[in-house]
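Visitor: Here it is: the structure, laid out below.
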């Protein structure tokens, strides 16, 4: 008898860019440790992330990929690669890019450093949505749709009148960027943006995302890159709307850390009780972090308490969350500000968290089903939400480095 057990798989039909975007977000939520969402906070987290750092993803590494990927696509388009060969040629070029970056080493943001051409998700896939959001990609197509049309786009000619004058300009797929070096994909390259490349990115962000937090950050990327949290950015150049958004994001981030830590604490205690596992160290870490969290809530009690009392405005700003999500969040943040010191041992908090996981996961809920708990790997999950700030900071640091240096 065979012991073969098929692995889980996911398939979809790539109808359009919107379908690709939805699948991309789903796969990110399944693969990134930072997105593990045991208490169903993800819809609010993602809404803030999209508002504060549009076009970014936790799978992005370095900013210059926003230049590399259009260079590769424009090159294939100019070569009029046939639709049937497009996917293979794209993978070939992205594999060459990996080889050209490999000299930078394994810890410098080289996507595919180990896997090479066998990498599952190439940079084009990881940056495709961001390229559209920032206006660097103009066509609302998925990668596969673009591959089918790229050669035709290269051949298109503007409509002309009887005197052969163009009556309307052609809309290119890719926004104008500084040209690649002559030896692109044939010689070592790095992640250092030229001043012209940095300015092209900034101009595109400002033009396509006016009035956003990200566009404002481009005014002084060095200052923003040094802020530990998005709400630590100096507010001098920020609009009142952005400041209000940051206030909501901060209060939600600070208050929802507590429930995540309590979830880890309850898992550790139940695993010890059910299986005799030595999870005392994990439980003690959660209690220590909960004590620090309670001090933060107490220190900011006036503002956090006022925020909890005005949750209607918060939900209007966020614009997401079903009834049960809202009820859970409203309950735990209220309990947090009412008694931060007693939050960790509050039976009402324990019940609320246990029931929330059960509604979300059913028989996969670890706090409610012994078999699910038995598969737990005894690691803590969650953490204070930063809304992809660490990715944005890294991108801003790359901009700052380019603008602080002379153009190459």
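Numbering (our numbering), first residue to last: 46 to 453. A virtual CB, placed ideally from N, CA and C, is assigned to each residue, including glycine.
Taking the straight line between their C-alpha atoms, what separation do you get for residue 136 and residue 167?
Guide: 8 Å
Visitor: Between which two residues does the alpha helix (DSSP H) holding residue 232 run?
Guide: That residue, residue 232, is in no alpha helix (DSSP H); it is neither H nor E in DSSP.
Visitor: Does the segment 335-351 touch the segment 431-442, meaning 3 or more C-beta pairs lie closer than 8 Å?
Guide: no
Visitor: For residue 219, list the residues DSSP reports as bridge partners.
Guide: 182
Visitor: If residue 118 sits next to residue 294, beta carbons under 8 Å apart, how far is it from one beta carbon to the other, in whole angstroms?
Guide: About 34 Å; that fails the 8 Å criterion.
Visitor: Would you mind listing the alpha helix (DSSP H) stretches within the segment 263-319 that are 4+ residues and don't spill past its ends, in chain order?
Guide: 266-270
Visitor: Measuring only the C-alpha atoms, how far is residue 252 from residue 370?
Guide: Straight-line measurement puts the Cα of residue 370 at about 35 Å from the Cα of residue 252.
Visitor: Determine the DSSP secondary structure at residue 131, reduced to helix, strand or coil.
Guide: helix
Visitor: Under 8 Å by Cβ, that's how I've got residue 156 and residue 171 pegged, so tell me the actual separation to the nearest angstrom.
Guide: 7 Å
Visitor: Kindly confirm or deny that the segment 409-424 and the segment 269-287 touch, where touching means at least three C-beta pairs closer than 8 Å.
Guide: no
Visitor: Using the C-alpha atoms, what's the distance from residue 141 back to residue 150?
Guide: 15 Å
Visitor: Which two residues bound the contiguous alpha helix (DSSP H) that contains residue 372?
Guide: 368-383
Visitor: Is residue 242 buried or exposed, if buried means 16 or more other CB atoms sit within 10 Å of its CB?
Guide: buried
Visitor: Specify the secondary structure class of residue 191 as computed by DSSP and reduced to three states.
Guide: helix
Visitor: Cα separation between residue 100 and residue 319?
Guide: 44 Å
Visitor: Per DSSP, what kind of secondary structure is residue 414 in: helix, strand or coil?
Guide: When DSSP states are grouped into helix, strand and coil, residue 414 belongs to the coil group.
Visitor: Between residue 395 and residue 311, is the Cβ-Cβ spacing less than 8 Å?
Guide: yes
Visitor: Taking the C-alpha atoms as reference points, what is the distance between residue 184 and residue 230?
Guide: Cα-Cα distance, rounded: 25 Å.
Visitor: Kindly indicate which residue of 297, 441, 163, 421 has the alpha-carbon position closest to the one of residue 324.
Guide: Cα-wise, what sits closest to residue 324 is 421.
Visitor: How many angstroms separate the CA atom of residue 211 from the CA atom of residue 200?
Guide: Any reading at residue 211 needs caution, since the residue's pLDDT is 43, under 50, leaving its predicted position unreliable; the model's value is listed next. About 15 Å.
Visitor: What is the rounded straight-line gap between the Cα of residue 113 and the Cα of residue 224?
Guide: 10 Å
Visitor: Which residue spans inside the segment 336-372 form an unbroken alpha helix (DSSP H) run of at least 4?
Guide: 346-354, 356-363
Visitor: Would you call the segment 186-200 in contact with the segment 121-132, where contact means no fewer than 3 C-beta pairs closer than 8 Å?
Guide: yes
Visitor: Tell me the start and end of each unbroken alpha helix (DSSP H) in the segment 134-178 that is at least 4 residues and wholly inside, in chain order.
Guide: The segment 134-178 contains, as complete alpha helix (DSSP H) runs of 4+ residues, the segments 168-178 (chain order).
Visitor: How many Å lie between residue 386 and residue 189 at the Cα?
Guide: 54 Å
Visitor: Which of the three DSSP states is assigned to residue 390 in this structure?
Guide: helix
Visitor: So, for residue 90: in the same chain, excluding its five sequence neighbours on each side, which residues have a beta-carbon less than 6 Å away from its beta-carbon?
Guide: Around residue 90: 430.
Visitor: Can residue 227 and residue 180 be called in contact, C-beta distance under 8 Å?
Guide: no
Visitor: If I measure Cβ to Cβ from residue 260 and keep anything under 8 Å in the same chain, skipping five residues before and after, which residues do I get?
Guide: 250, 251, 254
Visitor: So what's residue 429 in DSSP terms, helix, strand or just coil?
Guide: coil
Visitor: Determine whether the beta carbon atoms of residue 412 and residue 85 lie at a separation below 8 Å.
Guide: no
Visitor: Relative to the alpha-carbon of residue 426, which residue among 321, 245, 305, 345 has its alpha-carbon at the smallest distance?
Guide: 305
Visitor: What residue from 218, 389, 216 has the CA that sits closest to residue 309's CA?
Guide: 389
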